[in-house]
Amino acid sequence: MSALHSADSFLLSLSRAFCSPLAVFIQIQGCVICLTLAIGWAFAAYVRKREINRIEDGIKGGNSFAFLCHDIYELEHSNQVNLPRVSVVMPLKGFGEHNLHNWKSQITSLYGGPIEFLFVVESTEDPAYHAVSQLITEFKGDVDARVIVAGLSTTCSQKIHNQLVGVENMHKDSKYVLFLDDDVRFHPGSIGVLTTEMEKNPEIFIQTGYPLDLPSGTLGSYCIYEYHMPCSMGFATGGKTFFLWGGCMMMHADDFRHDNYGVVSGLRDGGYSDDMTLAAIAGAHKRLITSPPVAVFPHPIASDLTFSRYWNYLRKQTFVLESYISTVNWLMNRALFLTHFYLSWGFVAPYFMAMVHVAAALQIYIKDYSYGETTCTSGGLLLAIWLAICTFTELLSMWNLTRIEVQLCNILSPEAPKLSLDYYNWSMIFVAMLVDNFLYPISAFWSHFSQTINWSGIRYNLKNGKIHKIERNKDKGPEFTDLGGKHLYGKKAATPKASLLGSLGRSLAHWHQPKKYDV
Numbered sequence: 003m004s005a006l007h008s009a010d011s012f013l014l015s016l017s018r019a020f021c022s023p024l025a026v027f028i029q030i031q032g033c034v035i036c037l038t039l040a041i042g043w044a045f046a047a048y049v050r051k052r053e054i055n056r057i058e059d060g061i062k063g064g065n066s067f068a069f070l071c072h073d074i075y076e077l078e079h080s081n082q083v084n085l086p087r088v089s090v091v092m093p094l095k096g097f098g099e100h101n102l103h104n105w106k107s108q109i110t111s112l113y114g115g116p117i118e119f120l121f122v123v124e125s126t127e128d129p130a131y132h133a134v135s136q137l138i139t140e141f142k143g144d145v146d147a148r149v150i151v152a153g154l155s156t157t158c159s160q161k162i163h164n165q166l167v168g169v170e171n172m173h174k175d176s177k178y179v180l181f182l183d184d185d186v187r188f189h190p191g192s193i194g195v196l197t198t199e200m201e202k203n204p205e206i207f208i209q210t211g212y213p214l215d216l217p218s219g220t221l222g223s224y225c226i227y228e229y230h231m232p233c234s235m236g237f238a239t240g241g242k243t244f245f246l247w248g249g250c251m252m253m254h255a256d257d258f259r260h261d262n263y264g265v266v267s268g269l270r271d272g273g274y275s276d277d278m279t280l281a282a283i284a285g286a287h288k289r290l291i292t293s294p295p296v297a298v299f300p301h302p303i304a305s306d307l308t309f310s311r312y313w314n315y316l317r318k319q320t321f322v323l324e325s326y327i328s329t330v331n332w333l334m335n336r337a338l339f340l341t342h343f344y345l346s347w348g349f350v351a352p353y354f355m356a357m358v359h360v361a362a363a364l365q366i367y368i369k370d371y372s373y374g375e376t377t378c379t380s381g382g383l384l385l386a387i388w389l390a391i392c393t394f395t396e397l398l399s400m401w402n403l404t405r406i407e408v409q410l411c412n413i414l415s416p417e418a419p420k421l422s423l424d425y426y427n428w429s430m431i432f433v434a435m436l437v438d439n440f441l442y443p444i445s446a447f448w449s450h451f452s453q454t455i456n457w458s459g460i461r462y463n464l465k466n467g468k469i470h471k472i473e474r475n476k477d478k479g480p481e482f483t484d485l486g487g488k489h490l491y492g493k494k495a496a497t498p499k500a501s502l503l504g505s506l507g508r509s510l511a512h513w514h515q516p517k518k519y520d521v
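With my numbering applied, the sequence shown closes on residue 521, and no number is skipped along the way.
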């Protein structure tokens with residue numbers, strides 16, 4: 003009995019402690035964070051919804067191809083023949099359950115101008131090499147695509163090395179280069195939209211987009227979804243942004259040919275993260291980054307994503323803040339590190355305090371304590387109720403943005419299987435919010451003090467913000483990539499089978515290729 007009484011007393015004492023001015027400030031701050039996120043997602047939803055309305059109005063006005071372009075007359079041959087050449091560079095690593103579908107969505111673009119697709123692998127032993135080679139054979143004659151073997155990186159990450167080798171092999175007349183990750187599904191009109199915006203405003207340095215995560219049901223997949231959602235508001239501006247996502251980056255090809263602003267040397271000489279490096283270069287030279295409102299792409303997460311793979315992914319994300327190309331870039335990364343650290347645990351702490359307040363209130367109700375002993379706890383319970391209301395508002399705003407982005411993706415890819423919100427588990431998303439924000443500071447500290455990371459079986463070591471040592475050991479590395487669950491080793495891959503989807507893809511690819519390029 004004395005032990006129970008001591009526990010009750012401790013609980014009430016803790017609840018009273020959480021009614022101190024500092025504790026009340028932390029709890030109110032948690033509510034403010036929730037409401038700030040809700041407002042940001044509401045604005046992002048407005049931008050995406052405005053684009054949906056524009057497309058639907060265009061269809062009602064007689065433009066059946068409004069999902070491709072604003073003005074149907076842009077599809078006339080006289081306009082299509084003047085479109086610039088684009089080289090699409092896709093660095094590959096491993097082969098998984100979603101790759102074929104993603105690759106097909108990328109090469110069956112309805113872009114009317116000359117376009118080439120360069121799939122870049124580390125070696126012929128990569129499972130992706132055989133899988134994509136078979137896919138190219140399937141589309142032979144309909145799509146200008148080839149596989150390039152880049153070899154091993156020695157001065158930068160393997161992804162950056164593959165990208166730079168792809169650029170070296172792009173067509174000499176290409177005006178724009180588009181870097182794509184192989185784990186997102188592209189829309190038929192996406193390349194056309196990105197190119198049109200680049201043509202309208204030559205001052206654009208980089209055009210980018212952002213993924214819409216499709217969780218597979220595991221806690222790790224929901225943590226990935228929750229991790230990406232706060233950043234999504236930075237890409238839903240409908241124009242200028244300071245954010246950059248490496249999964250979709252369109253740039254001027256000449257910037258790479260002539261190493262303008264040091265894009266090649268900045269990436270090649272110790273570069274770890276392509277997007278963070280290029281974003282730093284853009285900031286240093288005051289160059290423009292934009293994100294069109296339709297640049298949101300479905301990102302299916304592996305169905306077998308384990309929590310350990312999620313943790314390694316989080317480690318890679320925090321490790322990015324340890325790489326830098328200048329003193330200013332280092333200061334910006336430190337500021338991001340401290341801000342994210344403060345906000346992450348500042349988000350989680352109020353929920354712990356709220357649980358204490360609720361538990362104390364239940365004890366008071368059951369044990370029938372006197373009024374004097376319950377005054378402070380009543381105030382704490384009001385704070386907990388207010389936090390619950392703010393959390394519900396936040397989740398509702400997140401749900402609304404996800405719903406609108408799902409709707410937008412369905413409109414932009416009318417031939418693809420429809421996406422749905424039905425399988426999103428919002429109780430799991432709430433848990434993921436707490437788990438992800440609790441673990442982020444731990445991961446950030448780990449990255450800061452270790453200065454090393456394992457990325458797809460390759461261990462990178464940093465020194466002064468740049469890669470200075472690369473270690474490869476198949477026996478000690480993982481067998482699968484983190485998000486896509488792609489096999490990293492082995493020569494065999496699943497053979498693509500002929501299907502209705504494949505036939506449709508070939509038809510689309512053949513339809514969009516102008517005859518004037520058949521030389």
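Glycine included, each C-beta is placed from N, C-alpha and C at the ideal position.
Per-residue burial, residue i [other beta carbons within 10 Å of its own, 16 or more giving buried]
| i | result |
| --- | --- |
| phenylalanine 188 | buried |
| glycine 486 | Its pLDDT being 49, under 50, glycine 486 is placed unreliably by the model, and the measurement read from it follows with that caveat. When all chains shown are included, glycine 486 counts as buried. |
| leucine 269 | buried |
| methionine 355 | buried |
| aspartate 424 | exposed |
| proline 116 | buried |
| methionine 357 | exposed |
| glycine 114 | buried |
| tyrosine 131 | buried |
| alanine 47 | buried |
| isoleucine 327 | buried |
| glycine 63 | exposed |
Residue i - containing alpha helix (DSSP H), residue span
| i | result |
| --- | --- |
| asparagine 164 | 160 to 170 |
| tyrosine 326 | That residue, tyrosine 326, is in no alpha helix (DSSP H); it is neither H nor E in DSSP. |
| isoleucine 109 | 101 to 109 |
| tyrosine 131 | 129 to 140 |
| valine 195 | 192 to 202 |
Given residue i as reference, the closest of the options once Cα atoms are compared
| i | options | result |
| --- | --- | --- |
| phenylalanine 309 | Thr220, Phe258, Cys33, Leu345 | Thr220 |
| lysine 471 | Asp271, Asn164, Ile74, Leu120 | Asp271 |
| serine 155 | Gly467, Lys142, Trp457 | Trp457 |
| isoleucine 138 | Leu166, Trp105, Lys51, Phe394 | Trp105 |
| aspartate 306 | Gly222, Leu333, Gly264 | Gly222 |
| threonine 150 | Lys95, His103, Glu199, His100 | The sequence shown places isoleucine at residue 150, not threonine. Checking every option, the nearest Cα to that of isoleucine 150 belongs to Lys95. |
| proline 217 | Ile413, Ala19, Val408, Arg18 | Val408 |
| phenylalanine 12 | Lys468, Ser66, His359 | His359 |
| serine 399 | Gln136, Val433, His287, Ser234 | Ser234 |
| valine 433 | Val350, Glu324, Pro416 | Val350 |
| serine 346 | Ser17, Ile28, Ser15 | Ile28 |
Between the CA atoms of residue j and residue i - distance to the nearest angstrom
| i | j | result |
| --- | --- | --- |
| tryptophan 448 | asparagine 463 | 13 Å |
| leucine 385 | isoleucine 30 | 8 Å |
| aspartate 276 | cysteine 158 | 10 Å |
| isoleucine 226 | serine 429 | 15 Å |
| alanine 496 | glycine 168 | Note that alanine 496 has pLDDT 40, beneath the 50 cutoff, so the model's placement of it is unreliable and the number below is only indicative. Approximately 25 Å, taken between the alpha carbons. |
| isoleucine 283 | cysteine 250 | 17 Å |
| lysine 318 | histidine 342 | 15 Å |
| aspartate 73 | tyrosine 229 | 36 Å |
| glycine 241 | arginine 259 | 26 Å |
| glycine 153 | lysine 161 | 11 Å |
| phenylalanine 141 | asparagine 466 | 45 Å |
| alanine 500 | serine 89 | A caution first: alanine 500 carries a pLDDT of 40, below 50, which makes its placement in the model unreliable, though a value can still be read off. In a straight line, the C-alpha of alanine 500 is about 27 Å away from that of serine 89. |
| phenylalanine 20 | alanine 362 | 11 Å |
| proline 352 | glutamate 127 | 50 Å |
| proline 516 | glutamate 201 | Because proline 516 sits at a pLDDT of 39, beneath the cut-off of 50, its placement in the model cannot be relied upon, and the point is left open. |
Where the beta strand (DSSP E) through residue i begins and ends
| i | result |
| --- | --- |
| valine 151 | 147 to 151 |
| threonine 210 | 206 to 210 |
| tryptophan 43 | No beta strand (DSSP E) holds tryptophan 43; the alpha helix (DSSP H) holding it covers 23 to 62. |
| arginine 474 | 468 to 474 |
Check whether residue i and residue j have beta carbons under 7 Å apart
| i | j | result |
| --- | --- | --- |
| threonine 210 | leucine 246 | yes |
| cysteine 36 | cysteine 392 | yes |
| leucine 182 | methionine 92 | yes |
| lysine 177 | proline 86 | yes |
| glutamate 170 | aspartate 146 | no |
| threonine 243 | isoleucine 291 | yes |
| valine 195 | asparagine 164 | no |
| isoleucine 546 | phenylalanine 321 | Nothing in the structure corresponds to residue 546, since the chain is present only between 3 and 521. |
| phenylalanine 69 | leucine 421 | no |
| alanine 297 | valine 49 | no |
| glutamate 396 | alanine 40 | yes |
Min CB distance residue i to chain D below 7 Å
| i | result |
| --- | --- |
| tyrosine 426 | The question asks about chain D, but that chain is absent: this structure has only one protein chain. |
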